[in-house]
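*Asks:* Just passing along the structure, written as structure tokens.
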Amino acid sequence: MHRLQDPRRNPGEAIRRLNAQSRSPGRYIGRFAPSPTGPLHLGSLVAALASYLDARAADGSWLLRMEDLDPPREPAGAADTILRQLDGLGLRWDGPVLYQSTRLEAYAAILQELREAGHCFACDCSRARVRALGSVYDGHCRGRGLPPGGDAAMRLRTRPGVFGMDDRIQGWFEQELESAVGDFVLRRRDGLFAYQLAVVADDAMQQVNQVVRGVDLLDSTPRQLYLQALLGYPAPRYAHFPVLLNAQGRKLSKQHFAAPVDASAPEPLLRIALEFLRHSPPTELAGPGEVLDWAVANWDILRIPARHGIPASRFE
Ligand code: GLU
Ligand code: ZN
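Mapped onto our numbering, the consecutive letters of the sequence shown carry residue numbers 22 to 337.
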């Protein structure tokens, strides 16, 4: 099994791994993967823009994937609104949009493969029980042999060992999955597939080799590395940028009523998002197209600070 090690403990391994990464074959394939739980707000615009610029600056492709796996949380029309907002901002994606709602059979097949290899088990623990454990699952149902389906979730069994990666912005990040997360859910009790399974399935299917996304997903990455290793998929490189924080110090999100971006005035929005990403287009540029072209030509992901959050109030 592919188990990455902390370069502080094993510098030779780190150098070998970095060399392997810089030789990573093929063109850059990146993506933006919004969940259509509402229109884009400033935080998700930053995610769209950072992934777009990193891909275009590398002359790569930028795919768009709608992570519409949770219908009760997706207001009608939200996915179309996101497409219109991206279009209005001048962020053009390559190829057709992939909707995760069309991929359920593929997720079921992957889950079956993992089950047959003995990596999964059914679990009927309540959310309250898992919450009481501090949300680190204790393996309670591992040996119970519950039948799959019905009201049971399907969990992936974790094993001792560290999964880590060298993030392009945040540097080395690792987790001991078994003690930090515990066996995690791949299919929920309500039958919906979990984000971790779908994202790994689709990044592999779409041959995504570079992921640029918010740091709120940093601690999902070791779970994704573990799944990739079990399934024999190559791991992309990752870059996690800091997220915008609201006045309460929480991530700006649709749940916290961040205002939707108004794509009818794209230039000031792009300038704010670029400022957050530490890029300052000259004021004499006119129009969103020129600002975007400048940003592609001048993109340097290493200007983004290796921090986890930046208050949004600085950009208002
Ligand atoms: N759909 C996820 C979100 O909107 C992002 C998934 C990803 O970039 O891996 O938070
Ligand atoms: Zn359980």
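Ideal Cβ positions, reconstructed from N, Cα and C, are used throughout, including at glycine.
I331 lies in the beta strand (DSSP E); which residues open and close that run?
*Replies:* From DSSP, the beta strand (DSSP E) with I331 extends over 330–332.
*Asks:* Hey, quick one: how far does the beta strand (DSSP E) through R258 stretch, first residue to last?
*Replies:* Unbroken beta strand (DSSP E) run through R258: 258–262.
*Asks:* Check whether the segment 157–175 touches the segment 191–205, counting contact only when three or more Cβ pairs, one atom from each stretch, lie closer than 8 Å.
*Replies:* Contact holds: three or more Cβ-Cβ distances are below 8 Å.
*Asks:* I'd like to confirm the pairing. Which residues does DSSP put opposite D188 in its beta bridges?
*Replies:* According to DSSP, which records beta bridges pairwise, D188 is partnered with G192.
*Asks:* Go ahead and pull the three-state DSSP assignment for E95.
*Replies:* E95: coil per DSSP, three-state reduction.
*Asks:* Should P243 go down as buried or exposed, given a rule of 16 or more other Cβ atoms within 10 Å for buried?
*Replies:* Buried is the call here.
*Asks:* Between the C-alpha atoms of G155 and V220, what's the straight-line distance to the nearest angstrom?
*Replies:* Rounded to the nearest angstrom, the two C-alpha atoms are 25 Å apart.
*Asks:* First and last residue of the alpha helix (DSSP H) that includes S200?
*Replies:* S200 -> alpha helix (DSSP H) spans 198–201.
*Asks:* Rounded to whole angstroms, how far is the Cβ of A210 from the Cβ of A174, which I believe are closer than 8 Å?
*Replies:* Looking at the sequence provided, one finds Arg at residue 210 rather than Ala. Between A174 and R210 the Cβ distance is about 5 Å, and since that is below 8 Å, they are a contact.
*Asks:* At a threshold of 6 Å, does H161 count as lining the ligand ZN (C-beta to nearest heavy atom)?
*Replies:* Checking every heavy atom of the ligand ZN against the Cβ of H161, one is found closer than 6 Å.
*Asks:* Given this structure, state the Cα-to-Cα distance separating G192 from F184, to the nearest angstrom.
*Replies:* Looking at the two C-alpha atoms, the distance is approximately 14 Å.
*Asks:* Between D89 and R208, what straight-line distance do the alpha-carbon atoms span, to the nearest angstrom?
*Replies:* Each residue's Cα considered, the two are about 15 Å apart.
*Asks:* Please report the straight-line C-alpha distance between G81 and W320, rounded to a whole angstrom.
*Replies:* Taking the straight line from one Cα to the other gives about 13 Å.
*Asks:* Whole angstroms is fine: what's the gap from E126's alpha carbon to Q133's?
*Replies:* Cα to Cα, E126 sits roughly 10 Å from Q133.
*Asks:* Determine the contact status of G59 and P287, defining contact as a CB-CB distance below 7 Å.
*Replies:* No, these two residues do not count as a Cβ contact at 7 Å.
*Asks:* Determine the burial state of L218: buried for a count of at least 16 other Cβ atoms within 10 Å of its Cβ, exposed for fewer.
*Replies:* When all chains shown are included, L218 counts as buried.
*Asks:* Given 6 Å as the limit, tell me if C141 has its C-beta closer than that to any heavy atom belonging to the ligand ZN.
*Replies:* Checking every heavy atom of the ligand ZN against the Cβ of C141, none is found closer than 6 Å.
*Asks:* Taking P302 and V317 to be in contact with their CB atoms under 8 Å, please state how far apart those CB atoms are, rounded to whole angstroms.
*Replies:* Their Cβ separation, rounded to whole angstroms, is 11 Å, which puts P302 and V317 out of contact at 8 Å.
*Asks:* Helix, strand or coil for P281, going by three-state DSSP, please let me know.
*Replies:* The answer is strand: DSSP assigns P281 an E or B state.
*Asks:* Could you tell me whether any non-hydrogen atom of the ligand GLU is closer than 6 Å to the CB of R343?
*Replies:* With the chain covering only 22 through 337, there is no way to say anything about residue 343.
*Asks:* Rounded to the nearest angstrom, how far is the Cβ of L104 from that of I50, given a contact under 8 Å?
*Replies:* Rounded, the Cβ-Cβ distance is 20 Å, inconsistent with contact.
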